[in-house]
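According to the UniProt record's numbering, the stretch in the sequence shown is residues 1 to 658, in order. First comes the structure, then the notes that go with it.
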Amino acid sequence: TSAYSSPAKSLGDPGITPLSPSHIAKDSDADDAVEQLFLVVVAIDFGTTSSGYAYSFTKEPECIHVMRRWEGGDPGVSNQKTPTTILLTPERKFHSFGYAARDFYHDLDPTESKHWLYFEKFKMKLHTTGNLTMETDLTAANGKKVKALEIFAYALQFFKEQALKELSDQGGSDFENTEVRWVITVPAIWKQPAKQFMRQAAYKAGMASPENPEQLIIALEPEAASIYCRKLRLHQMIDLSSRAPVNGYSPSDTIGTGFTQAKEHIRRNRQSRTFLVENVIGEIWSELEEGSDRYIVVDSGGGTVDITVHQIRLPEGHLKELYKATGGPYGSLGVDYEFEKLLCKIFGEDFIEQFKIKRPAAWVDLMIAFESRKRAAAPDRTNPLNITLPFSFIDYYKKFRGHSVEHALRKSNVDFVKWSSQGMLRMSPDAMNALFKPTIDQIVQHLSDVFDKPEVTNVKFLFLVGGFAESPLLQQAVQSAFGSRCRVIIPQDVGLTILKGAVLFGLDPAVIKVRRSPLTYGVGVLNRFVEGKHPPEKLLIKDGTRWCTDVFDKFISADQSVALGETVTRSYTPAKPSQLVIVINIYSSEQDNVSFITEAGVKKCGTLRLDLTGTDASVPNRREIKTLMQFGDTEIKAMAIDVATSKSVKVGIDFLNY
1 TSAYSSPAKS LGDPGITPLS PSHIAKDSDA DDAVEQLFLV VVAIDFGTTS SGYAYSFTKE
61 PECIHVMRRW EGGDPGVSNQ KTPTTILLTP ERKFHSFGYA ARDFYHDLDP TESKHWLYFE
121 KFKMKLHTTG NLTMETDLTA ANGKKVKALE IFAYALQFFK EQALKELSDQ GGSDFENTEV
181 RWVITVPAIW KQPAKQFMRQ AAYKAGMASP ENPEQLIIAL EPEAASIYCR KLRLHQMIDL
241 SSRAPVNGYS PSDTIGTGFT QAKEHIRRNR QSRTFLVENV IGEIWSELEE GSDRYIVVDS
301 GGGTVDITVH QIRLPEGHLK ELYKATGGPY GSLGVDYEFE KLLCKIFGED FIEQFKIKRP
361 AAWVDLMIAF ESRKRAAAPD RTNPLNITLP FSFIDYYKKF RGHSVEHALR KSNVDFVKWS
421 SQGMLRMSPD AMNALFKPTI DQIVQHLSDV FDKPEVTNVK FLFLVGGFAE SPLLQQAVQS
481 AFGSRCRVII PQDVGLTILK GAVLFGLDPA VIKVRRSPLT YGVGVLNRFV EGKHPPEKLL
541 IKDGTRWCTD VFDKFISADQ SVALGETVTR SYTPAKPSQL VIVINIYSSE QDNVSFITEA
601 GVKKCGTLRL DLTGTDASVP NRREIKTLMQ FGDTEIKAMA IDVATSKSVK VGIDFLNY
């Protein structure tokens, strides 16, 4: 039996039974009345490894401003975004975020630093936690635990304050939070609880509130990228597959020099930090035939890779999602993990584990050194890559093992990593490429699976976006695997693609017209018991009527396409006419075919409780209760209305508290 007892048998709740065949009502004007006017849209790209924000004033939507330059920054890493790191004092109060947090933590004396709480790469916890709740913990570098909701709220509050401060400085007067529409991006492959978690953290950070939810939009990262890619002009992208010269470069050097020159061009324009987005669909789209041509957006970031398949609907250029988002934890963190495995192989797992705990700041240093070398990896590189080992690594290793780091390298049979006399690990390019291989192979394999799906035919373009898309190794792998099937295109300044797209989404949320539902939704009902059709253990006899309990009455199936704001309506009637409190339980499942709410994988995610006591007694004997579910944004709303009296209740679907 399931963890949920049969709703009909519990609490003497007689339940509801369907009145009408199901039908879908397109309810277009339900939401238009509450459209608020915001002065500015601020989008936050809260990434696994780095984060940033950008904004645009609703009066001049063609200008997107990327946040001002941050303090700090690493050699070899462009710092348009800041690392997603956060530091709390020993008293668990917010101290700093980003480079500031990292540098402060690093400069603390080891005796002191072990009391401070330092967090990095913590966003992945929302993807990997199976049963996420408001109580889920995160572990700091020193092993202490803090509620994830608090950390996320601190981080969002930091961005909120930074953005409002920048807006106030720019406008010369204080900017109020009420004047801002916030957009936060999340991976499309995240499960619903994680998406809802982000919204709760934003409420805690004071960006919006349950009373005013439309002030915050939770946008899906690849959708945001897709919106931006539609606006690309030819000079704003690098076409890896073109055989003709692009921007005047011949194809042989497009990947290497084209990218460098593109970067130069961006660097020159960096000071402005303002990007002009023309109010058109870029020329590249003129090649797409409406209705048949598709494009794929591959959003490869630090933690996850998210793949979505879209179709463009001309002339307005609305997007239609054709295949539910897929992907997995194949972000660039996988490369860091391989590097860690390599270190364990050379120096011993026991040492690395101890070193991380005893010298957490030095470990962070080592990973920063690796990060900048990781960015120098390229398919045609011939000279070795040097990674500086922190002094405390060398020192602690000698204490721990009683022999030198150099000795360890000599006796480990890892022949492609050598010790250089300047205190560095020298990695051959092949050794570095080997660290990328498992992650890149997974991305290519996953993409192949998507290309093999029947819904995914006629793919014209593949857009490679996200921070990891800057890697020439990933570019080359994707180009060689899929270049014959479609054109592989990389927007310039690819790490900011999602941020800019999220701003555009906030300015015009209606641009995404059709989504795929990630789950099947329905309500628990009683049906008349049919011998031979219904399992005997579901039989319930009430007042002489034979009912089948626990029936899952489906509103929408997983992977069914839903227009934004689409409402599905069903009518029910109380199984017992005299019943005055009607409870409707909403359930979800990842499976398409669900017959009973007791099946494995069915989760309760909402309750509508309609209290009709005190209403007029002259109600018809078959009372009609209309139940509506409105799909669309990353949020889903449900409502029940008593037709005779117009009494109604509303509820948002909740995946965290059941």
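Backbone N, C-alpha and C define an ideal beta-carbon position, used for all residues, glycine too.
Distance between residue j and residue i (C-alpha atoms, nearest Å)
i: P222; j: Y295; result: 12 Å
i: F436; j: G303; result: 14 Å
i: P187; j: L499; result: 13 Å
i: S226; j: H310; result: 8 Å
i: S428; j: A377; result: 10 Å
i: K320; j: A219; result: 15 Å
i: E455; j: W190; result: 22 Å
i: T139; j: E120; result: 10 Å
i: F505; j: A224; result: 7 Å
i: K460; j: S448; result: 15 Å
i: Q422; j: V364; result: 20 Å
i: Q157; j: S96; result: 11 Å
i: A369; j: L385; result: 11 Å
i: F381; j: E338; result: Phe is not the amino acid found at residue 381; the sequence shown has Arg there. Approximately 20 Å between the Cα atoms of the pair.
i: T457; j: G466; result: 24 Å
i: Y587; j: N593; result: 13 Å
i: G143; j: C229; result: 41 Å
i: S648; j: K125; result: 38 Å
i: residue 661; j: D137; result: Residue 661 is absent from the model: the chain starts at 1 and stops at 658.
i: L322; j: F482; result: 19 Å
i: K356; j: S484; result: 45 Å
i: E371; j: A361; result: 15 Å
i: P509; j: L564; result: 10 Å
The ligand NAD heavy atom lying under 8 Å from the CB of residue i
i: E470; result: The ligand NAD is not part of the structure shown, which contains no ligands of any sort.
Cβ-based neighbour list, residue i, same chain, cut-off 8 Å, excluding 5 preceding and 5 following
i: L474; result: S300, F436, I440, I443, L464, F468
i: N657; result: T133, M134
i: L409; result: I346, V417, K418, W419, L425
i: I352; result: E340, L343, C344
i: K398; result: S404, V405
i: K603; result: Y587, S588, S589, F655, Y658
Chain-order list of residues whose beta-carbon lies under 7 Å from that of residue i (same chain, five-residue window excluded)
i: A431; result: F416, V417
i: D253; result: With a pLDDT of only 39 at D253, under 50, the local geometry of the prediction cannot be trusted, and the value read off the model is given with reservation. The answer is none, since no qualifying residue turns up.
i: G601; result: S589, E590, Q591
i: A208; result: W182, A202, Q215, L216
i: E166; result: M67, R68
i: L164; result: F175, N177
Own chain partners of residue i with C-beta closer than 6 Å, once the 5 adjacent residues on each side are dropped
i: W334; result: It is worth fixing the name first, because residue 334 is Gly in this sequence and not Trp. T439.
i: E406; result: W419
i: N527; result: C548, V551
i: R546; result: F529
i: L373; result: A quick correction: the sequence has Arg, not Leu, at residue 373. L385, I387.
i: F655; result: Q192, P193, Q196, C605
i: D293; result: N458, K460
i: V488; result: L240, S241, L462, V478, Q479
i: I394; result: V405
Chain B contact for residue i (CB, 9 Å cutoff)
i: G522; result: No chain B appears in the structure shown, which is made up of a single protein chain.
For residue j and residue i, believed in contact at Cβ under 8 Å, the rounded distance
i: F122; j: I151; result: 6 Å
i: Q492; j: I238; result: 7 Å
i: T326; j: V450; result: 6 Å
i: L608; j: A640; result: 4 Å
i: E41; j: V503; result: What sits at residue 41 in the sequence shown is Val, not Glu. The Cβ separation is near 6 Å, so the contact holds.
i: I44; j: I184; result: 5 Å
i: G495; j: E470; result: 6 Å
i: L612; j: I582; result: 7 Å
i: K81; j: S50; result: 4 Å
i: I653; j: G606; result: 5 Å
i: Y330; j: V305; result: 4 Å
i: Y572; j: I16; result: 4 Å
i: A101; j: K160; result: Contact flag wrong, Cβ pair sits at about 17 Å.
Quick check on the DSSP output: what are the complete beta strand (DSSP E) runs of length 3 or more inside the stretch 165-237, in order along the chain? 180-186, 216-220
With a floor of 3 residues, list each beta strand (DSSP E) that falls wholly inside the stretch 477-517, ordered by position along the chain. 487-491, 512-516
Which ranges does the beta strand (DSSP E) cover as unbroken runs of at least 3 residues, wholly within the stretch 584-612, from first to last along the chain? 603-611
Extract the residue ranges of the alpha helix (DSSP H) inside the stretch 314-376, only unbroken runs of 4 or more that lie entirely within it. 333-347, 349-358, 360-374
So, do the stretch 550-566 and the stretch 515-528 have three or more beta carbon pairs nearer to each other than 8 Å? yes
Return the chain-ordered ranges of every alpha helix (DSSP H) run that is complete within the stretch 403-461 and spans a minimum of 4 residues. 405-411, 429-451
Could you give the uninterrupted runs of the alpha helix (DSSP H) lying entirely in the stretch 118-159, keeping only those of 4 residues or more? 124-128
Taking 8 Å as the threshold, find out whether the stretch 80-93 comes into contact with the stretch 532-543 through three or more Cβ pairs. no
Where are the beta strand (DSSP E) runs, 3 residues long or more, that stay fully inside the stretch 548-580, in chain order? 561-563, 567-574
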